[in-house]
Structures are given as C-alpha cells and as structure tokens.
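Numbering (the numbering used here), first residue to last: 4 to 85.
Every residue gets a Cβ at the ideal spot worked out from N, C-alpha and C, and that includes glycine.
Some notes on the structure that comes next.
In structure tokens:
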C-alpha cells in the first residue's frame with residue numbers, strides 16, 4: 004500500500020518494552036472494512052481492531068493510548084474516506 008498517515012502521539016506509550024511515539028496508519032482497503040464489519044463486538048471494538056490492523060499494532064497497544072491520541076487516529080481514518 005502506498006500512502007500512510009503518520010500521527011505523532013501527544014502522550015507516547017510503551018508496548019512490549021518498546022516506546023511508541025508515532026503511529027503510521029495505512030489507507031484501509033475494502034477488505035479491511037469488511038473484516039471489521041464481520042468482527043464481533045460493539046462498533047467501538049470493531050473500530051479499535053480496524054485501527055490496530057491499519058497501524059500494524061496489537062489491539063492491546065491501541066487500548067493504552069490517551070483519548071486525545073486515539074481521536075487523532077479516528078480523524079485520520081475518517082480522512083481516508085473523504
């Protein structure tokens with residue numbers, strides 16, 4: 004995939020002993036969207052799994068994010084769809 008949106012975290016996290024200060028979110032495909040829609044759980048849980056997939060990070064890492072940083076990822080995801 005070509006374009007990825009790079010998001011600098013206001014509140015960096017650590018996951019598996021590694022610091023994460025920036026997340027690259029790749030553009031979603033129709034397959035990514037379909038997989039997220041087929042997944043069990045709430046809309047929020049499906050969105051978290053989709054973002055984790057696009058960022059190539061485990062869901063546990065996304066759950067550690069500050070809401071301000073998560074909102075940046077949501078905004079980037081929405082921007083891909085416009």
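Cβ-Cβ distance between residue i and residue j below 8 Å
i	j	result
residue 26	residue 76	yes
residue 83	residue 15	no
residue 60	residue 39	no
Helix, strand or coil at residue i [DSSP, three-state]
i	result
residue 84	coil
Beta-carbon proximity list for residue i, same chain, < 6 Å, skipping 5 on both sides
i	result
residue 18	64
Supposed contact pair residue j and residue i - C-beta distance, whole angstroms, cut 8 Å
i	j	result
residue 58	residue 28	5 Å
residue 8	residue 79	4 Å
residue 55	residue 62	5 Å
query = Could you give the uninterrupted runs of the alpha helix (DSSP H) lying entirely in the region 16-72, keeping only those of 4 residues or more?
reply = 33-41, 46-58, 62-66
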